[in-house]
Structures are given as C-alpha cells and as structure tokens.
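Quick notes on the structure that follows.
Residue numbers (our numbering), protein chains in the order written: chain A, -2 to 303; chain B, 30 to 564.
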C-alpha cells in the first residue's frame, strides 16, 4: 500500500429530481488497496459507482479517478478501468464467448491463455447464447472479461449476488491476486463476510451519507469486543462498570457472564475481572456484521443487564 | 379451467397498464375516421365531384393502393368506403400488433409473467387469454365508437347495416391479425422477433391483396387482408368476410394455446442454438451494432425489394389511360398517348417514393431507437465504461440507421424500376428514379435528425418521431383525397417534393430541410453528452 490516491470523492452529491440519492459521499482508494463499500439496498452504493464511472453526473462535490475528473475525462479514465455491474445484462444474440472477446477488444486487450484459464475456473460454457444464461452465468461472463483485463482499477458492484459459494471463493481468490499485483479494487457489497475477508479499508454508506470509513481494525477499535468470562467471585460490579453493555449472567451466583465492552474501556474492565480471579476468558473482536448492525441500530441501543 | 384461473385479474392489470395507449389509438383511429366521414359530403357531395374522384379511384394505381371499385352507381358513402377500408385496415393491424406484442412477449421479457405464474395462483394460459381478451375489448371499443359515429355522420348513401358492417369489419381485421400475432409470440422468444414475424405475415397478405386486386380481384380471397374489400360496404353489405376474419382469429388463438402448452416460460418453440466461443469480428460498438442488426437489416432490404418489385409489376396496368377512346387517341397521336401514359406512371412513382421513404425512415429509426432501448435494458452499461466516447456511440447508431434507410429507399426504388421496366413496352429512364431518390434524402435526414435530438435530450418522448412521420404520411397520401388546406399540406416534408420525378428538385426545401436536420443532430449530440445514462 502507498499513499498514491487512485480514486477520491469529496462531498459527492446526486439528486434525481427531488430525491437526494447521495448527500455526502467521501471515499478514498489508494493504490494497491481493496476498498469495501457496504450499505443496505438503496443506500446509494450503485449510484456512487455510476457517478464514478461517468454514467451519471454529480450534482455537487467532486469525484476523481487517477486524478482526473470522472465526468469530463471519462474516456481517458476508462482506458485503465474495468467494471462489473451488479445486474449484468448482455445482448441476447451474442454467445458468452463473443461477449467476452468484445469486451476485451474494447478495452484494447486480447483473449489470452489467462482468459481461457478463467473460463475454465468459473466453469462457464461460452458457446451458449446470452439469452439462455442465468443471472449467475451472466455475472461470470462479466467477471471473466474483467479479470482478464489488465488495468489499474477494478470496480465490482455486488459482483457475487448471483454466484454459488464455490464461484464466490474463486472470485475472492482473484481479487486477492489483483491486490498482490498492486491493483486497486472498489468492491461494493452487502455480504459482510466477503468484505471482511478481502478488504483493507471499508466505507459504510447509509441514506446517501458515508458514515464511517477506515480500516477494519480502526473501526473495531471504535467499537466493542464481546467477552465471555467465568470467575471465582461474583461479578455484580460489572453492572455499574462504564462501557459495559448487554450484560447477561448465566448462573445464579453471577460468576459466569457474557457482555460486550467498549474498546477504550477494556483495560478497566480487565482490571475488574482480574480482581475477581478469572477461571476462563474468551474475547471476540467485533465482526463487520456487528459493526454494521451497530451503525444502523445504534440509536435505540440500551445498556444491558439492568 | 384452472389453466385459465385469474384471467380477469390479469386482464384488469393489462388494461390498467395499456389504457393510455389504447385511448390515444382509439381516439385517433375512431375519431379521425368519423371526422373524415362527417366532412366527406362537403368534399364529394355533388355528382360532379363524385365522378371526378371515381375516375381517379378506377385507375390501376389507386386500385393497387386502395382496392378496386366494384360498382357503377356511386355515391358519397361508397367513395368513402373504397378510400378508407384498406387504409384504415392497415392502421388497425398495426394497433393490434402493438397491443398484442406488449401483452405477450413484452410482458414475459420483463419478468412479470414469471412472477405472476410462478408465485401466484394464476393459470398457465391466463396471460394468453388475458391478452386475447384485451384485443377483443380494444377492437370492440373501436367498433362501438366508429359505428355510432358513422350513424351520426350520416353520409349520403350510407345506411345502418353498412355503417355497422364497416366498423365491425375493421374491428374484425384488427382482432384477427392481433390473435394471429399470439402464435408468433409462442414461436420466438423476444418481442423484437415477434414484431418481425408479425409484419412479415402482414406484408405478405398485403402484397397478395395488392397484386390480385390489379390482376384478378377474385384471387383477393386468398389474402386475409383482402377479405375486408369483399365486404362491399354500402353496395352488397356482405357479412361473410367478418365471419371469416373472426374464424381466422379463433384458429389463431387456438393454435397459440396449443403452442403455449408445448413451451417453457421465457423460451420459444423455435430453439435458440448455441454459437461460436470466440469472436475476432466484434471489436467495438460499430461491429456490435452490425452484428445485432444484421438479420433485421437484411429483412428490411429484402422485404422492401419485394414491395418495390410488386408495385413495379403493376406499372403496365397503371399506364392504361382510363379514358382511352379512339377519339382521344387520335387527338393525342401515338407519341402523345405514350407521353400521357408515362406521366401517369411517373406520378404514381412519386407516390411510391413517399411510401418507400416512410418505410425507410421506420427501418432506420428503429436502429437509432435501439440505442435507448439498450440503454434502458442495461446492455450498454459495460460499453459505456469502455474507453469510447458517447459521441462515437451515438454517431455509430445514427450513421447505421441513416445509411440503412438510404439503402432501403434505394433498393425499393430500383426493384420497382426493374420490375416495372420488365412489364412496360417503353421503359422508364433511370434518371427519374434517381431524381426521386435524391429528392427523398433530405426528408430521411430530417427524421433522423428529429430522432437523434429526442434521444439526446428527452428520450422518453422519442415516440414523437412516429407521430411526426405518421402525420407527414397521412397528409401526403391522403391529404388531397380529403381536400386538406394548403397550409396543412405544407407541414409534410413530402409536400415540397410532390412533383418529383416529373419536375426537377427545388433547391430551397433541400437546403432548409438539411439545415434543420443538422441543427437537430447537433442538439442531440450535445444533449446525449450531458445527460445521465439510465439503467
């Protein structure tokens, strides 16, 4: 990873008539980085990507790729970019193989041994007409074309929504390869485990606002670990301890407990636990799922246990 | 009957979706029909007016366009019937094709049919039955409005039986072709191809009608579209064609039901074969467009060649002067007669130029329209993210569409010339056809420009081009017969070249038409480069 910015949006806004699809989107993608872009349906993921691709024009803010304006310099940017849409629609009368070759030609690429390798890996029958493909197979066509295109930036918009778990793994492997080769990837998804596995940095979008961005670790730091503990002495004091949430005792003597704790309070809580003589301790860092749910539900959360 | 469960619920949904389209069509079709009828006495009321127009209608050129005049005792109503029947029949067929495709394949393509059939207690045949019923309702409404309107218009020579027969025949021909279209909707898997099959079928029936009308009207019974002429409105008032058309419709529907039972959803009876695994040919938007359009382009070119040749093959009967008594021949002399005959064919060729140009614009505009269709269907989302500018993409579609329309026009004219000269004793010179061809090019450019501007700035209103084209056609083809005022005639671009090929081309209209076309194209390109791409 280095500091060279491949993609940047600043206060990006987009309205469709009265509807504000994007209110304030700030993204940064550095060279060699995989940026996970997560949010529920309708939060503005695809709209953001379509602005970045120069398909629709932002109503405010700025977006640059390779330091160039995404709207004015779209043709120059597209020379060095590959995109797989979330819903792939292909000309019904072409075969999958013809489609792949067309897409490669248009990017100034060639059908190479790597292309054939990809077709084999994804188990795609390229002799079939596009109209007979299922959603997953159409996605494979687009993925094969994208992965065998040698460019600097890859943009995937929910690319695995139609793929089975085996193909999903193949997809993840290829993203890892791109990363190793120093390519940059923007991956939008609502499958959190996928993003967690692959991405260096994450941006969470909600109702057109990017509400959190950064590395997974830095976000975990901001949030809570789950702790399961057994001690010799009762743990009543936990109820009053700061930063402890969702406290639940699993026995009458209150020596077995599960709770979550704010990352910045973990030291104090550990001191408290040690004082009660720890028998068994397990802490789990928050998953992306937890983070995600927390951001979306934080408003009405209450302190547990009392 | 469980196969038909929920048909009425689907029908209601269809009507909800199509009511605006149906209303507009019905208002235009029935409204104009009745309006012309009401005005007709003013145009062809006196015996003198009637005998003048009868002369025109009896010429073979008019017979090929409108069908034969079968009676000697003419009145206003009979003139109206013979002018309107074939012409309005064409519109009814187009209207029904459009409804039928939308209610069958169009709906299936959008995924709606799958959702309705798969997830809801709806019978397998319900969508088909609902489509059939929708056609019945649309044509029924036309019959009621038109029939009642004709009673009110009360033309001299009309009677209740004839008025209602007229309305019912038009409704029946529409319904019949609409139901036949349901068969094609089972055969092929996309609405585009269904439309091709529809118009190919209609084209054949139309050509059979035209050619038998000028050679031997008895054979017109071979063409379902020809049956409408056999109703002999206001003369014999023959209801047999209505029965035949309805029977044909029922057979069409039954065949569609059987075929529907033998196919899976989203597929056609005609199987889609696989193809090549690689392609060297496809390199960009241009080759892609050619690849996607090659079949339909060929269909247009061959179809227009056939149409041109069919018109050409009747040139010899058109050249016959209606009033060729020995006295006239003596007065004019042999060269005079020949000159008159030639002028008569050439003015007919001028009318053909309008017809061919309208069809050429349709063929080319369909290609350019595809740019927006593909955009909305999401096909272009990956092309748009390739290093190729929007201007190039639009230019590709525009040039292909325009060139196709030019080729269509040229082929049709050449086929008419070839076939015509093979039946004429004194062939027509190439220069006339060439002059007509050149005269029509500004009009093709004008409509191309209008469409490009619409696609660029307000693609949702692209149908405006069809209204403009339809309007221009009706004005030119029909304006003289219903005696439109001059200012209205001037609205049609064809008006400005109406004397070609007999006279030379006026430079002024060529200049301003090309100027408008150019401005429209520039507007279209600027708009297309500045608007959001839909998906």
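Every residue, glycine too, gets a C-beta built ideally from N, C-alpha and C.
Contact check for residue 197 of chain A and residue 30 of chain A: beta-carbon distance about 5 angstroms, within the 8 angstroms limit, so the pair qualifies.
Annotation: the continuous beta strand (DSSP E) that includes residue 33 of chain A extends over 31 to 35. As the crow flies, the alpha-carbon of residue 434 of chain B is around 29 angstroms from that of residue 561 of chain B. Per the C-alpha coordinates, the member of B:97, B:256, B:533 positioned closest to residue 376 of chain B is B:533.
Closest in alpha carbon position to residue 244 of chain B, among B:101, B:424, B:121, B:97, is B:97. Taken atom to atom, the span from the alpha-carbon of residue 112 of chain A to that of residue 173 of chain A is near 17 angstroms. For residue 273 of chain A, the secondary structure class from DSSP, reduced to helix, strand or coil, is coil. CA-CA distance, residue 295 of chain B to residue 137 of chain B, rounds to 6 angstroms. Taking 9 angstroms as the cut-off, the Cβ atoms of residue 171 of chain A and residue 35 of chain A do not count as close. Against chain A, the CB of residue 408 of chain B has a partner CB under 9 angstroms away; the residue lies at that interface. For residue 551 of chain B, DSSP assigns no beta-bridge partner whatsoever.
Residue 195 of chain B and residue 179 of chain B do touch by the CB rule: their CB atoms are close to 6 angstroms apart, below 8 angstroms. For a cut-off of 8 angstroms, the C-beta gap from residue 276 of chain A to residue 221 of chain A is around 23 angstroms, too long to register as a contact.
Residues of chain A with a Cβ closer than 7 angstroms to the Cβ of residue 218 of chain B are, in chain order, 128.
Taking C-beta separations shorter than 7 angstroms and ignoring five residues to either side along the sequence, the partners of residue 264 of chain B in its chain run 99, 100, 107, following chain order. Interface annotation, residue 90 of chain A: in contact with chain B, CB-CB separation under 9 angstroms. The alpha carbon of residue 74 of chain A has as its nearest neighbour, out of A:270, A:224, A:61, A:121, the alpha carbon of A:61. Secondary structure within the segment 446 to 507 of chain B: not one fully enclosed beta strand (DSSP E) run of 3 or more consecutive residues is present. Per DSSP, reduced to three states, the secondary structure at residue 510 of chain B is coil, with no helix or strand assignment.
By the C-beta density criterion, residue 496 of chain B is exposed, having fewer than 16 other C-beta atoms within 10 angstroms. Per DSSP, residue 259 of chain A is one residue of the beta strand (DSSP E) stretching across 253 to 259.
With distances taken between CA atoms, residue 326 of chain B lies nearest to B:389 out of B:389, B:298, B:288, B:364. Among the CB atoms of chain B, one or more fall inside 9 angstroms of the CB of residue 82 of chain A.
The criterion of a C-beta distance shorter than 9 angstroms is not satisfied by residue 23 of chain A and residue 44 of chain A.
Remark: C-beta atoms of residue 37 of chain A and residue 291 of chain A do not approach each other more closely than 9 angstroms. Taking all protein chains shown into account, residue 403 of chain B has 16 or more neighbouring C-beta atoms within 10 Å of its C-beta and is therefore buried.
Under the Cβ criterion of 9 angstroms, residue 250 of chain B is not counted among the residues facing chain A. DSSP places residue 228 of chain B in no beta strand (DSSP E) but in the uninterrupted alpha helix (DSSP H) bounded by 220 to 244. With its beta carbon less than 9 angstroms from one in chain B, residue 86 of chain A belongs to the interface.
The residues 375, 378, 530, in chain order, have a CB closer than 7 angstroms to that of residue 461 of chain B in the same chain once the five nearest residues on each side in sequence are set aside. Per DSSP, the beta bridge partners of residue 27 of chain A are A:2.
Annotated three-state conformation of residue 342 of chain B is coil, per DSSP. For residue 306 of chain B, the closest alpha carbon among the candidates A:125, A:184, A:248, A:216 is that of A:125.
Assigned with DSSP and collapsed to three states, residue 228 of chain A falls in strand.
Rounded to whole angstroms, residue 92 of chain A and residue 301 of chain B show a C-alpha spacing of 11 angstroms.
Within chain A, the C-beta atoms nearer than 9 angstroms to that of residue 313 of chain B come from 99, 102, 103, in chain order.
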